[in-house]
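Student:
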Amino acid sequence: MSDPHVIVNGQPRPISGLPVHTSALDLVRGLGLTGAKEGCAEGECGACAVLVLRPEGDASRWTPVNACLVPAAALDGQEVVTAEGLGSPAHLHPVQSELAVRGGSQCGYCTPGFVCSMAAEYYRPDRDEGFDVHALSGNLCRCTGYRPIRDAADALGVPPADDVLAQRQQRPAPPPATTRIDGFARPADLAEALELLGRHPDATVVAGATDLGVEANLRGRRPSYVIAIDRLPELREVSTDGTIEIGAALTLSEAEAALAGAVPLLDEVWPQFASPLIRNGATIGGNLATASPIGDLPPVLLALDASVVLVSAEGECEVPLADYFTGYRETVRRPGELVRSVRIPRPLAGLVAFHKVAKRRYDDISSVAVGFALDVVDGSVVRARIGLGGIAATPVRALATEAALEGRPWRSETVEAAAEVMRGEGTPIDDQRASGAYRSAMLGNALRRLWVERSTRSAGEVQR
Amino acid sequence: MSVGAALPHESAALHVTGHALYTDDLVQRTRDVLHAHPVCSPHAHARVTRLDPAAALEVDGVVRVLTGGDVPGVNDAGVKHDEPLFPDEVMFVGHAVCWVLGETLEAARLGAAAVEVDYEALPSIIALTEAIEAGSFQGGRPVVSRGDTVSGLAGAAHVFSGTTEMAGQEHFYLETHAALALVDESGQVFVQSSTQHPSETQEIVAHVLGLHDHEVTVQCLRMGGGFGGKEMQPHGFAAVAALGAALTGRPVRVRLSRAQDMTMTGKRHGFHAQWRVGFGDDGRLQALEATLTSDGGWSLDLSEPVLARALCHVDNAYWIPHVLLHGRVARTHKTSQTAFRGFGGPQGMLVVEDILGRSAPLLGIDPIDLRRRNFYVEGQTTPYGQPVRHPGRIVAAWDRVLATGQVARRRDEVAAFNATHPHARRGLALTPVKFGISFNFTAFNQAGALVHVYKDGSVLINHGGTEMGQGLHTKMLQVAATTLGVPLERVRLAPTRTDKVPNTSATAASSGADLNGGAVKHACEQVLARLVELDAGRGLPWEELVREAYFSRVQLWAAGFYRTEGIHWDSTAMQGHPFKYFAYGVAATEVEVDGFTGAYFTRRVDIVHDVGDSLSPLVDLGQVEGGFVQGAGWLTLEDLRWDESDGPGRGRLTTQSASTYKLPSFGELPAELHVAFLEHAHEDGVVHGSKAVGEPPLMLALSVREALRQAAAAFGPAGTSVDLPSPATPEAVYWAVERARASGADHVVRGTPGIVPERPDPAAPLLHPRSEQASRTPAEG
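Quick mapping for you: the protein sequence lines, in order, are chains A and B. Mind the numbering: the first sequence is residues 1 to 464 in the numbering used here, read in order. Mind the numbering: the second sequence is residues 1001 to 1781 in the numbering used here, read in order.
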């Protein structure tokens, strides 16, 4: 086993001896690479974005992540490229060149992060000519107003055949290292992970570290021992034959790609879940393990009647998600247990929708999130599952609303009555995101909107 | 010609490759740096009864704790002497009582947590309305008055009164405050600071250290955004770094985390306004009385000049014969609110645009017509006595937006959409901008530059302005190259330093290019005149001429100086001619509001903006677009929330992070955005006929707010007047929609007396800055 190191812009850089809370951002800046910046230290602004080479089938893909959240130790053996690695002032990368000549930088502080997010989209293997501007939704610019950045993105062609980074994607990414640094371990398989967890009961388990990173940066959390599970093969399996099963350690981006549209309701969630920079790190397992009442996945998974597979040294057990959450950021998961996967039963409901209410259209935390999964047969609601976020200490099912819908005809009178019931669901509070009164109003209106958008032609243009 | 060419930012290639250096990037290049971490008050208002750093010194890696007792000079970080650097009485949550220096930031952080501080909690005032009720004010209370509002209102066909409140705004420059100080090889204190005002940073560092200004040099490489937030706020952080360096002999770095920056530093002022307005039957404004109260936070900072500019912009582009405007700065236990792009102008303009937006339906006049009818015409003066030059440009820009934006056709389309969509409404609104250019305070309107021509013909320029992304350095390079008649590549610009150009004004008030451009041009012209004389018509190539000049003992460098002519201001009387000129602009914005949630998006924006003859069109376009989006953020999305409860978190900023305070992101970029510069807009007497552009476009975003108001109103019956909070978040718009559906207009009182704005207190202090008193001759009294 080689000494722990990260390959930064092609150069192996040792990481032994760094404190465990050293982030990838600390690492590259400590190397004198000034491009990646700390703008917010919580994965909201993207000024720290760097590219990490990740597996993509038999090949690989340059994947942008927030370096401020990723522990440097988690990148042991991996390849990282920063803005400096893409080009130099004398030899600008096409992304850099387009941004520079079109006025895409003013103060320049956010720019290297934009460059990395843009480069990732530029190199996306399945990209044709177009540029998906949502690739940049995790990067904030305070100066330009974004128009020149959009124009720079639109002006990009495809990488030339001799592009070194494009060529690199045709070969596999480095395999995960079996890292052992003081206070940090990356086990090779599930058995080893459970064994480590048994020996370190206080260990913090991380995948993308999008939660721990924030806790470490903003609240000074310093875990005594960190176990990285994001590359455990047993936690990365996906099955869509029969019951749908999604490995807990897949990033949301990977899960989206692996499901390939098999769960339409989830496809409504992905683009509204944080930003690509976060979705490239955050996992389904992490979202369920942290059990935030305002996470965007639980309402949808509740609507889908999903269950959680927990695994420990004693074996596996399956818990319906509706029984999983026990309190504010508390679940039935015991010490020593890992979330292995999420199961979604078939058949999937026919009428599904995800409604997220927030201050900002993209990359914001929900004030209210609603997942709908209804089966309407011969004009009647035969089954209704509605998951809610943001209106109680845990994600909850809208049981009273479900009851007000089931067995009734799917028409406006039913919807109106059920919407009034739904308005009373949960115990929404006033906070900086929204008032309790607004949250309640949004609950009722979510159902009204579902009716209008899915049942009539007279709806207003749907806001996208 | 270089001036007028659409060039990218001079540092663009450095920006995109990560090679552009900012203050905190220098830490890696500096040996033995100590890191500073503050100990912050958890109380909004309290007396410090005990401060014991002993436990911090036990923490591994902690080197020293800086306290008030360490200050050799004056323990103050402001220019008003009301901002103790190490306070005995904390005035807001996050107020730093001392700073811990450590070998690592981690050590300093842990040390700060170990410092023992006892507080005696004191009563606090958090909300602006609380301060008004309690009579908690600070500083002068200026009055702008013209005519007789009592008779003006008495003669008006329609009198309305109401109140308007607007929130502040966090700057959220991507680069937080940073300073790196060391004592250099010659014994001078050298401070690298992310500051818009290096000279004032230098002065504060000097007075804290008990040194003269010439013993302190401040350099600003570039800033990762400033927006006014680094005009006055950097001084204390630079002083802490410098004090630490002076005491330890080692370089000291201060860099705030985002949470610290948001918790500790000032923001745009929120304002409260009471107003009473009179209109004629034709919709023409007859009289306006208003009392504007700004939320100054705990200290004065720049609150008085911000208030003065607010009062000078309540008229925006409109002629109001009778005016009585009265301003106050509230003292609250929050961060000391400060400069922010527009500097009170946006808040002043919001008041009149709010009045017009709420009044138009009550008058039965279309808002586009109502605004246009009230534009200034030639020969009219502002309430503070300055003639409005080129008012025809407002009309020209307005008509061009109407035409190129196809507003007439689109208004029909909006009406048709609204008639056929029960759950969504669109609104299309135009608003004008008239923004005064120059510092209100006349003395600040001066600048210096230093231009060196070396024997090889290369040119090095220094000037007093700082680069924060606005493209000032790009413009200065263009001015120098054009004036000297050399290619742009021959000119290099060196970082802003107080030992190159002294006594500079802040890079603020949109004035950077006007002032420093004048100074650079002046310096270049001096060198050029000497070279032209030497050339004597021979037409020698530049390099040859320069070489000959050296051997002929002709001076190849010059100091340039510029002061704005023709301006004067009496801040006590609030009368004069404070502005060199006005920058004009017009925006038309179309929005769509979802009736289920109040969520909205901007469908299209058309802007015509007056930048004079643009020095640098790509830079100016960036300022217009960026300013517009930033203004839209202030008015719609950015939502500062303070804990106003009586609980233990009282006074805490609850939106002190990027996850809770939302800036515009890609999704807020209007689907269509068309920006054009006003044609035939040469401005005499300004460098190359250009106009300042930094601040004015921000106020174009008032059109977004008015469009939202109209869209919300369209959910109600015709003639519905909507009171829209600011920021108009989706929730705020939702409740406005609900009120419109109920067609309530109780937010406006009709007729006299109505809500009478609080009258100016004759005994209240007027604006009377010390600096102005000192500069006043006895004859002026």
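The C-beta atom is built at its ideal place from N, Cα and C for all residues, glycine as well.
Taking only beta-carbon atoms, is M1574/B less than 9 Å away from chain A?
Tutor: Output row for M1574/B: interface = no.
Student: List, in chain order, every chain D residue whose beta-carbon is nearer than 7 Å to that of K1662/B.
Tutor: Considering every chain present, this structure includes no chain D. Its protein chains are A and B.
Student: Three or more beta-carbon pairs under 8 Å between the stretch 435–452 of chain A and the stretch 1427–1446 of chain B, yes or no?
Tutor: No, they do not touch.
Student: Rounded to the nearest angstrom, how far is the Cβ of A384/A from that of E406/A, given a contact under 8 Å?
Tutor: About 5 Å separates the two Cβ atoms, so the contact holds.
Student: Output yes or no for whether 9 Å exceeds the beta carbon distance between A258/A and L266/A.
Tutor: No.
Student: How would you list, in chain order, the residues of chain A whose beta-carbon sits under 7 Å from the beta-carbon of Y1581/B?
Tutor: Near Y1581/B there are no residues of chain A at all, since even the closest Cβ is about 24 Å away, more than 7 Å.
Student: Measuring only between beta-carbons, confirm whether Q985/B sits less than 9 Å from chain A.
Tutor: Given a span of 1001 to 1781 for chain B in the structure shown, any question on residue 985/B remains unanswerable.
Student: Which of the three DSSP states is assigned to S16/A in this structure?
Tutor: Of the three classes helix, strand and coil, the one that applies to S16/A here is coil, per DSSP.
Student: Where D1405/B and E1672/B are concerned, what is the direct C-alpha to C-alpha distance, given to the nearest angstrom?
Tutor: The sequence shown places Gly at residue 1405/B, not Asp. Distance between the alpha carbons of G1405/B and E1672/B is about 11 Å.
Student: Under the three-state reduction of DSSP, which class applies to A1310/B: helix, strand or coil?
Tutor: Reduced to three states, the DSSP call for A1310/B is helix.
Student: Express the C-alpha separation of T22/A and R222/A in angstroms, rounding to a whole number.
Tutor: Cα-Cα distance, rounded: 10 Å.
Student: Between F1715/B and chain A, is any beta-carbon pair separated by less than 9 Å?
Tutor: Output row for F1715/B: interface = no.
Student: Below 8 Å on the Cβ atoms is my contact criterion, and I expect R1161/B with G1754/B to pass it. Report the Cβ-Cβ distance as a whole number of Å.
Tutor: The displayed chain sequence assigns Ser, not Arg, to residue 1161/B. Contact flag correct, Cβ pair sits at about 3 Å.
Student: Beta carbon of T82/A, beta carbon of A135/A: below 9 Å?
Tutor: No, Cβ-Cβ distance for T82/A and A135/A is not below 9 Å.
Student: For the candidate residues F1417/B, S1657/B, G1647/B, D1620/B, whose alpha-carbon lies nearest to that of E1638/B?
Tutor: Here the closest residue by C-alpha is S1657/B.
Student: Could you check whether the Cβ of L33/A sits closer than 9 Å to any Cβ belonging to chain B?
Tutor: Chain B, which has a Cβ nearer than 9 Å to the Cβ of L33/A, makes this yes.
Student: For the candidate residues A1246/B, W1099/B, V1216/B, H1177/B, whose alpha-carbon lies nearest to that of P1502/B?
Tutor: Answer by Cα proximity: V1216/B.
Student: Can you grab the Cα-Cα spacing for the pair Q956/B / A1108/B, in whole Å?
Tutor: Because chain B in this structure spans residues 1001 to 1781, residue 956/B falls outside the shown range and cannot be described.
Student: Taking one C-beta from the stretch 1268–1280 of chain B and one from the stretch 1145–1158 of chain B each time, how about it: are there three or more such pairs within less than 8 Å?
Tutor: Flag = yes, the stretch 1268–1280 of chain B and the stretch 1145–1158 of chain B touch.
Student: Since I believe S105/A is in contact with H1043/B (beta carbons under 8 Å), could you give me their beta-carbon distance rounded to a whole number of angstroms?
Tutor: 41 Å between Cβ atoms; not a contact.
Student: Beta-carbon within less than 6 Å of V1608/B's beta-carbon, same chain only, minus the 5 sequence neighbours each way: which residues are those?
Tutor: So the list reads A1397, R1400, V1401, V1586, A1676, L1678, once near-sequence residues are dropped.
Student: Please list the residues of the stretch 92–118 of chain A that have a C-beta atom closer than 7 Å to any C-beta atom in chain B, keeping them in chain order.
Tutor: Residues passing the 7 Å Cβ filter: L92, Q96, L99, A100, V101, G103, S105, Q106, C107, G108, Y109, C110, T111, P112, V115.
Student: By Cβ distance below 6 Å, which residues in the same chain neighbour L196/A in space, the five residues on each side in sequence not counted?
Tutor: For L196/A, where only same-chain residues beyond five positions count, the Cβ hits under 6 Å are A185, P187, I227.
Student: Does chain A have any CB closer than 9 Å to the CB of A1273/B?
Tutor: Cβ-Cβ to chain A under 9 Å: no for A1273/B.
Student: Taking one C-beta from the stretch 1618–1632 of chain B and one from the stretch 1694–1705 of chain B each time, how about it: are there three or more such pairs within less than 8 Å?
Tutor: As far as the Cβ criterion goes, the stretch 1618–1632 of chain B touches the stretch 1694–1705 of chain B, which means the pair count is three or higher.
Student: Suppose only complete runs of 4+ residues qualify. What are the alpha helix (DSSP H) ranges in the stretch 1611–1647 of chain B, listed by chain order?
Tutor: Entirely contained in the stretch 1611–1647 of chain B, the alpha helix (DSSP H) runs reaching 4 residues are, in chain order, 1617–1632.
Student: Who are the near neighbours of S458/A in its chain, counting only those whose CB is closer than 7 Å to its CB and skipping five residues on each side?
Tutor: Its pLDDT being 36, under 50, S458/A is placed unreliably in this model, and the value from its coordinates should be taken loosely. There are no such residues.
Student: Do the stretch 1230–1249 of chain B and the stretch 1185–1193 of chain B meet, that is, are 3 or more Cβ pairs less than 8 Å apart?
Tutor: The answer is yes - the stretch 1185–1193 of chain B touches the stretch 1230–1249 of chain B, with three or more Cβ pairs under 8 Å.
Student: Whose C-beta lies closer than 7 Å to the C-beta of A1134/B among residues of the same chain, with five residues either side of it excluded?
Tutor: Closer than 7 Å at the Cβ level, and outside the excluded window around A1134/B, lie I1125.
Student: Considering V1062/B, what are the terminal residues of the beta strand (DSSP E) in which it resides?
Tutor: First-last of the beta strand (DSSP E) with V1062/B: 1062–1066.
Student: Note down, in chain order, every chain B residue with its Cβ under 7 Å from the Cβ of C45/A.
Tutor: Those within 7 Å of C45/A in chain B are L1174, A1658.
Student: When the Cβ atoms of the stretch 1535–1549 of chain B are set against those of the stretch 1460–1479 of chain B, are three or more pairs found closer than 8 Å?
Tutor: As far as the Cβ criterion goes, the stretch 1535–1549 of chain B does not touch the stretch 1460–1479 of chain B, which means the pair count is below three.
Student: Considering only DSSP beta bridges, list what T1333/B is partnered with.
Tutor: As written in the sequence, residue 1333/B is His, which differs from the Thr given in the question. In DSSP, H1333/B forms no bridge with anything.
Student: Using beta carbons (cut-off 9 Å, strictly below), is A1013/B in contact with chain A?
Tutor: Judged by the 9 Å Cβ criterion, A1013/B is in contact with chain A.
Student: For I294/A versus A207/A, is the C-beta spacing smaller than 9 Å?
Tutor: No, the pair does not count as a contact, with Cβ atoms beyond the cut-off.
Student: Tell me which residue opens and which closes the alpha helix (DSSP H) that H1235/B is part of.
Tutor: Segment 1234–1248, the alpha helix (DSSP H) holding H1235/B.
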